[in-house]
Amino acid sequence: MIIKYRELPAKINGYEALLKRLSPRHPKRTAIKTSLHKARADYGGEERLDEALYFFDPPYAYQMIQDFSLDGPFKIQVDTVLITQSCVILLEVKNITGKLQFKQNPSLLHTISADGEVKSDTSPITQMDETALRVEKILRKVGYKLPVSSIMVVAHPSQIVEEVPRNCRILAVGDINFYLSTLNLPTPILSVEELHELGKTLLTFHQNVPAFPLAPKFQIEQSEIETGVFCPRCHLGKMERTTIAWECETCRLISRNAHLTALDEWFMLLKSSISTAECCGFIGMTNLETAKHFLLKNGCQPVGGRRYRHYTRQ
Ligand SMILES: [Zn+2]
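UniProt numbering puts the first residue of the sequence shown at 1, with every later residue one more than the last.
What follows is the structure in structure tokens.
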């Protein structure tokens, strides 16, 4: 059974918010758009894997974790983890258009786009082997001696894969259900109870790799980020505070909570904390006391003494 489902990566919303709050001619827009495009393509590939495994009903007990990650020191990210009584299989999705060539000595991946442009990157096989070793180590640490292997899943139908190293397994997303369902698993090492226990233990280890704040990652200064509350309907219009709500200057939408998105965007883009003065400046409030109540009401906790008090959110 699936014990953790995949969610839309928060960084996709973050890149979109960053683009919305940068001037149309900002020099970093291209780099942010590239990151957004890649994040969407990765997520699209992972969703295709989830769809392909929708009817997964193998003749063996299993636990499945969609999107498993650990921050340092292990630093791993696995698209899908399949835990069985006799082994663990890591599924890593690649969703790239064009031709993929695996190069040996040293191991590299060459991606050749439709217009012939060649990009060289770390081989996903090397990354998968390294991740498998780390997962094996984590399992041993918690008392489970299970072998760990990986499969690369090709999600894009027009992807051509060449020069695949002999010892690695690459499957088209459409083949994955049949392959995993008809696997000849070795003799079980774990009982079904131990399998469930291991699934639970791994879930307690899962932690999202911190993606925010984004502006410093792109070397963008706070002064370059546009402040204010944006309209949730037309996305371009700024909203003005009326006595009880927010009103869009462009499409005249009235919203009571559009400023909540602006607070989310502060944490996604700028800093992991906010002061009442910063809240007033960014959201467009005029009263420090109102800002304090707004922050406390929306999941922020005060940190520090009265003079240097700021607010953080988990
Ligand atoms: Zn509007």
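Using N, Cα and C, we set each Cβ at its ideal position, and we do this for glycine too.
This one's a predicted model, so the numbers in the text were calculated from it and none came from an experiment.
Distance, residue j Cα to residue i Cα
i	j	result
GLU240	GLU7	33 Å
ILE12	VAL81	23 Å
PRO186	ARG166	22 Å
VAL154	ALA277	49 Å
SER273	PHE230	21 Å
CYS280	THR312	16 Å
HIS293	PRO188	56 Å
SER23	GLU46	32 Å
ALA17	ILE32	11 Å
VAL88	TYR308	49 Å
HIS196	LEU19	43 Å
LEU295	PRO232	20 Å
GLY174	ALA61	22 Å
VAL161	GLY98	9 Å
LYS75	ASN184	31 Å
LYS38	LYS137	30 Å
TYR179	ALA172	10 Å
residue 355	PHE218	Any answer about residue 355 is impossible in this case: the structure gives the chain only from 1 up to 314.
GLY305	THR30	41 Å
Residue i in three-state terms, based on DSSP
i	result
HIS206	coil
residue 356	This structure cannot settle anything about residue 356, because the visible part of the chain is limited to 1 through 314.
ARG252	coil
THR187	coil
LEU109	strand
VAL164	coil
LEU260	helix
THR312	strand
GLN127	helix
PHE294	helix
ASP71	coil
GLN219	coil
PHE102	strand
ASP79	strand
LEU19	helix
ILE283	helix
TYR179	helix
TYR43	helix
MET1	coil
Sequence-distant residues of the same chain with beta carbon closer than 7 Å to residue i, five excluded per side
i	result
GLN77	SER69, VAL209
PHE282	THR227, ALA262, TRP266
ASN298	LEU260, LEU263
GLN314	none
LEU270	PRO213, ALA215, GLN222, ILE225
ALA211	ALA10, LYS11, GLY14
Burial state of residue i (16 or more Cβ within 10 Å)
i	result
CYS251	exposed
MET21	Before going on, a small fix: residue 21 reads as Arg here, not Met. That one is buried.
MET1	exposed
VAL135	buried
HIS156	buried
GLY14	buried
LEU198	buried
PRO213	buried
ASP50	buried
LEU133	exposed
VAL93	buried
ILE96	buried
ARG48	buried
ILE254	exposed
VAL148	buried
GLN301	exposed
ASP67	buried
GLN159	buried
LEU288	exposed
TYR144	buried
THR84	buried
Proximal residues to residue i (C-beta, below 6 Å), its chain only, five neighbours per side dropped
i	result
CYS168	ILE125
VAL118	HIS110, ILE112
ARG91	Looking at the sequence shown, residue 91 is not Arg but Leu. Only ASP79, THR80, ILE151, VAL153 meet the Cβ criterion.
VAL164	PHE102, ILE170
ALA291	THR276, CYS279, CYS280, MET285
SER120	LEU108, HIS110
Distance cut-off 6 Å: residue i Cβ against heavy atoms of ligand 3
i	result
GLY237	For ligand 3, the structure offers nothing, since it holds only ligand 1.
Same chain, Cβ closer than 8 Å to residue i, five either side skipped, listed in chain order
i	result
ARG256	ILE244, ALA245, TRP246
SER181	PHE56, ASP57, PRO58, PRO59
ASN177	ALA52, LEU53, PHE55, PHE56
Beta carbon proximity, residue i to chain C, threshold 7 Å
i	result
SER23	Structure shown: chain C not included; a single protein chain is present.
key: Three or more C-beta pairs below 8 Å linking the segment 24-43 and the segment 54-65   = By the C-beta criterion, the segment 24-43 is judged not to be in contact with the segment 54-65, since fewer than 3 inter-stretch pairs fall below 8 Å.
ask   = Between the segment 97-111 and the segment 228-237, do three or more beta carbon pairs fall short of 8 Å?
value = Touching, no, given that fewer than three Cβ pairs across the two stretches are closer than 8 Å.
request  = Determine contact between the segment 213-231 and the segment 110-125, defined as no fewer than three beta-carbon pairs at a distance below 8 Å.
outcome  = Note that the segment 213-231 does not touch the segment 110-125; fewer than 3 beta-carbon pairs, one per stretch, sit closer than 8 Å.
query = With a cut-off of 8 Å, do at least 3 Cβ pairs link the segment 255-263 to the segment 196-211?
reply = Verdict: no, contact absent.
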